[in-house]
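S.K.:
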Amino acid sequence: MTPHIEALKEDIANIVIMPGDPKRAKYIAENYLTNYKLINEVRSMFGYTGFYKDKKVTVMASGMGMPSMGIYSYELFKFYDVDIIIRIGSCGSYTDKLNIFDVILTDSVYSDSSYAKVQNNFTDNILHPSLEVNNIIEKTALENNIKIHKERIYCSDVFYKEKDDFVNKYETLNCVGVEMESFALFHNANILNKKAACILTVSDSLVTKEATTSQQREKSLNDMIKLALESALLIN
Ligand code: HPA
């Protein structure tokens with residue numbers, strides 16, 4: 047047990063699929079896993095461990111933002127011996143080259159967050175996922191006919207900004223969209239010698255102001271969920 051997770055060590059698989067929303071974790075368990083059980087209820091940050099085909103996997107929520115993702119991913123890697131975390135989340139798009147519901151495989155993340163600096167004095171603004179896990183996800187996407195865009199994303203500390211200079215983030219920093227968790231996840235994986243990846247579905251566009259309803263989002267996430275789970279089958 048940790049301050050934020052009540053599960054027994056043996057009740058968490060070595061691979062964790064991590065949506066932001068606890069209800070999404072529940073949805074994935076109920077619709078994709080067999081023989082699953084609820085392994086965490088602390089703060090309603092639900093986690094479930096079950097089987098996808100014959101692979102034992104845990105699906106657990108991260109909550110929103112780097113502080114929350116930072117806590118859960120650290121505890122899972124460090125105290126539950128988790129080897130791989132695949133985040134599956136939503137993002138806002140900075141370019142009309144990406145449509146709502148498109149799937150992004152994050153190949154790097156830029157952030158101006160203080161997370162890594164405060165955590166261990168790491169001062170770079172760019173972090174990468176595990177190339178090995180990304181290669182598996184890419185291969186799985188190809189085999190399952192799921193189109194993915196391999197791109198850099200911006201990881202933000204702030205959702206509501208008084209002024210959002212996203213054109214600069216796109217044109218100068220090459221970030222195609224924005225989410226709020228991957229930088230903390232990738233940093234924790236790096237310092238603890240673990241592996242992480244991040245798959246995102248575009249849920250809204252900062253360019254066209256198009257948005258999705260929470261109901262639409264639930265449905266559209268099925269491609270991304272399948273991609274994460276099918277990839278898990280190929281990871282030891
Ligand atoms: N900003 C930050 N995070 C997000 C967004 C956004 O517009 N959309 C989905 N996650």
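Quick note: the sequence shown uses my numbering, first residue 47, plus one each step. Glycine included, every Cβ here is placed at the ideal spot set by N, Cα and C.
Would you list the residues whose beta-carbon is nearer than 6 Å to any heavy atom of ligand 1, in the order they occur in the chain?
M.R.: Selection output, chain order preserved: S136, C137, G138, S202, F205, V224, E225, M226, S249, D250.
S.K.: Quick one, which of N181, E178, I51, Y161 has its alpha-carbon nearest I172's?
M.R.: By 1-based counting over the sequence shown, the position of residue 172 is 126. Of the candidates N181, E178, I51, Y161, the one whose C-alpha sits nearest the C-alpha of I172 is Y161.
S.K.: Buried or exposed for P49, please, with buried defined as at least 16 other CB atoms from any protein chain shown within 10 angstroms of its CB.
M.R.: By 1-based counting over the sequence shown, the position of residue 49 is 3. It is exposed - the Cβ of P49 has fewer than 16 other Cβ atoms within 10 Å.
S.K.: Give the secondary structure of F229 by DSSP, where H, G and I count as helix, E and B as strand, and everything else as coil.
M.R.: For the purposes of this step, residue 229 is taken as the residue at position 183 of the sequence shown. DSSP places F229 in helix when its eight states are reduced to three.
S.K.: Please classify A257 as buried or exposed, where buried requires at least 16 neighbouring CB atoms within 10 angstroms.
M.R.: Numbered from 1 along the sequence shown, position 211 holds the residue referred to as residue 257. Label assigned to A257: exposed.
S.K.: Tell me which residue opens and which closes the alpha helix (DSSP H) that Y217 is part of.
M.R.: Indexing the sequence shown from 1 puts residue 217 at position 171. In the sequence as displayed, the identity of residue 217 is Glu instead of Tyr. First-last of the alpha helix (DSSP H) with E217: 212–217.
S.K.: When the distance is taken between beta carbons, is I85 closer than 8 Å to Y94?
M.R.: Taking the sequence shown and counting its residues from 1, the one referred to as residue 94 is at position 48. Taking the sequence shown and counting its residues from 1, the one referred to as residue 85 is at position 39. Yes, the pair counts as a contact, with Cβ atoms nearer than the cut-off.
S.K.: Would DSSP call N86 helix, strand or coil?
M.R.: As a position in the sequence shown, residue 86 is number 40, starting the count at 1. Three-state DSSP puts N86 in a strand.
S.K.: Short check: CB of K101 to CB of L279, under 8 Å?
M.R.: In the sequence shown, residue 101 corresponds to position 55, counting from 1. In the sequence shown, residue 279 corresponds to position 233, counting from 1. Contact: yes.
S.K.: From this set, D211, I237, A230, I199, which residue's C-alpha is nearest M110's C-alpha?
M.R.: Taking the sequence shown and counting its residues from 1, one reaches residue 110 at position 64. Checked all of D211, I237, A230, I199; the closest Cα to M110 is A230.
S.K.: Within the same chain, show all residues whose beta-carbon is closer than 7 Å to that of D142, passing over the 5 residues directly before and after it, in chain order.
M.R.: Here the question's residue 142 lines up with position 96 in the sequence shown. Hits under 7 Å: V253, T254.
S.K.: By Cβ distance, which residues of its chain are closer than 7 Å to K124, with the 5 residues on each side in sequence left out?
M.R.: If you number the sequence shown from 1, residue 124 lands on position 78. Cβ neighbours of K124 beyond the five flanking positions: L238.
S.K.: Between which two residues does the alpha helix (DSSP H) containing I182 stretch?
M.R.: Taking the first residue of the sequence shown as 1, we reach residue 182 at position 136. Counting along the chain, the alpha helix (DSSP H) containing I182 begins and ends at 177–189.
S.K.: Return the CA-CA distance between V103 and M47, expressed in angstroms with no decimal places.
M.R.: Reading the sequence shown from its first residue, position 57 is the one you call residue 103. Reading the sequence shown from its first residue, position 1 is the one you call residue 47. Taking the straight line joining both Cα atoms gives about 19 Å.
S.K.: Tell me whether A283 sits in a helix, a strand or coil according to DSSP, three-state version.
M.R.: Residue 283 is absent from the model: the chain starts at 47 and stops at 282.
S.K.: CB S139 to CB S260, shorter than 8 Å?
M.R.: As a first step, residue 139 is located in the sequence shown; it is residue number 93 there, counting from the start. As a first step, residue 260 is located in the sequence shown; it is residue number 214 there, counting from the start. Going by C-beta atoms, S139 is not nearer than 8 Å to S260.
S.K.: Starting from F205, follow its DSSP beta bridges and name the residues at the other end.
M.R.: What you label residue 205 is simply residue 159 of the sequence shown in a count that begins at 1. Its beta-bridge partners do not exist; DSSP assigns none.
S.K.: By how many angstroms is the C-alpha of N166 removed from the C-alpha of A75?
M.R.: One-based indexing of the sequence shown puts residue 75 at position 29. One-based indexing of the sequence shown puts residue 166 at position 120. Whole-angstrom Cα-Cα distance: 35 Å.
S.K.: Please check the pair I281 and I61, which I expect to be a contact at CB under 8 Å, by giving their CB distance rounded to whole angstroms.
M.R.: Start at 1 with the first residue of the sequence shown, and residue 281 comes out as number 235. Start at 1 with the first residue of the sequence shown, and residue 61 comes out as number 15. Confirmed, Cβ separation roughly 6 Å.
S.K.: Express the C-alpha separation of S202 and S16 in angstroms, rounding to a whole number.
M.R.: For the chain, the structure presents residues 47 to 282; residue 16 sits outside this window and is missing.
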